[in-house]
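Asks: Numbering (the numbering used here), first residue to last: 5 to 359. Each residue gets a CB set at the ideal place from its N, CA and C atoms; glycine is no exception.
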Ligand SMILES: *Cc1c(COP(=O)(O)O)cnc(C)c1O
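(1) Look up residue 78 in the DSSP assignment and give the residues it is bridged to.
(2) Below 7 Å, is the gap between the Cβ of residue 117 and the nearest heavy atom of ligand 3?
(3) In the stretch 204-280, which residue ranges form an unbroken beta strand (DSSP E) of at least 3 residues, counting only runs that do not cross its ends?
(4) So, using beta-carbon positions, are residue 355 and residue 279 closer together than 8 Å?
(5) Kindly indicate which residue of 187, 228, 224, 226 has the alpha-carbon position closest to the one of residue 217.
(6) Pick out whichever of 16, 8, 31, 7 has its Cα sitting closest to the Cα of residue 328.
(7) Is the separation between the beta-carbon of residue 295 and that of residue 276 shorter than 8 Å?
(8) So what's residue 118 in DSSP terms, helix, strand or just coil?
(9) Taking 7 Å as the limit between beta carbons, can you name the residues of its chain near residue 347, skipping five residues before and five after?
(10) Grab the span of the beta strand (DSSP E) containing residue 53 for me, first residue to last.
(11) Using a 10 Å radius around the Cβ and a threshold of 16 neighbouring Cβ atoms, would you call residue 59 buried or exposed?
(12) Excluding five sequence neighbours on each side, which residues of the same chain lie with their C-beta closer than 6 Å to the C-beta of residue 330?
(13) Express the C-alpha separation of residue 253 and residue 25 in angstroms, rounding to a whole number.
(14) Would you call residue 34 buried or exposed, if buried means 16 or more other Cβ atoms sit within 10 Å of its Cβ?
(15) Using the C-alpha atoms, what's the distance from residue 176 back to residue 314?
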């Protein structure tokens, strides 16, 4: 007899990350995982190298220096910050701690896949609410709330659509939810947003409670490989996460890298300026080639090729040039490809490929 996990576990499709290899192609350009265009900040590389000599030491389980640096950088109380092994870890703990058998979790149809995976892992029923014109439909999400609802996940801006909803919609979502429902505002792409009036979620956390803002070092800070995410929440939610997370969940080198990245002078400004400029150029070139590009406030764009065959053919043409982008079949968008904004040379290769 073999040991089997709980039946719900076998209903989970394993997360498939962006591809990184093309058979027979030597030089590949990976634009499939929304990793920062410029790699890690130089000071983070130095910090990782320095940390190597202390690799025998356990990390600071409380990530004190990192929480303090985050607090200074974003004007937040470090006591209400909790760090994770990527924000993915925090997503899973939130589902396990607040969801579970007999509960429901709400997300939008094209929300981030980890909410579905973590929600099912916890044993919750995950409801995917239809979107409207490429955006999460706040009214429909509120209408989906039932007595068993315990968590609502929303990424703003969203991955994989890149769509940004106004702050007023996030407030309306929180205001429309019962107090015993945890709202998870996933702001993984917050630093890239240039739309006026955007707040990554801290204001809603402070005003309304029962809300957590999630952030990550994996995107603009170029540290996806180091696995550092964080949440800002009321004390009770931080306390919950501190009880259940691994005591040493964020590696020492990762904490050091994140602190250094926050201190890298001008990094965010440089990345945002580059991203805004090249996202517009790449979008214009793909639009000129006759494809639909959804407006994005992130470091990627979602391109609609009309049909699954159209997307597949475009993917094959890009692959032949060494360009790896992200197929969206797993997200229920087989007609679309998601393309990360890389460095200038990489973006130019995408533009040339569509010309
Ligand atoms: C990339 C991403 C994350 C995961 O970030 P990690 O910190 O690397 O785990 C979370 N949410 C969204 C919407 C993302 O796109």
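Replies: By the coordinates alone:
(1) The bridge partners DSSP lists for residue 78 come to none.
(2) With respect to small molecules bound, the structure shown includes ligand 1 and not ligand 3.
(3) 215-220, 233-236
(4) no
(5) 187
(6) 31
(7) no
(8) Correct three-state label for residue 118: helix.
(9) 41, 42
(10) No beta strand (DSSP E) holds residue 53; the alpha helix (DSSP H) holding it covers 46-56.
(11) exposed
(12) 22, 36, 342
(13) 29 Å
(14) Residue 34 counts as buried, since at least 16 other C-beta atoms from the protein chains shown sit within 10 angstroms of its C-beta.
(15) Looking at the two C-alpha atoms, the distance is approximately 38 Å.
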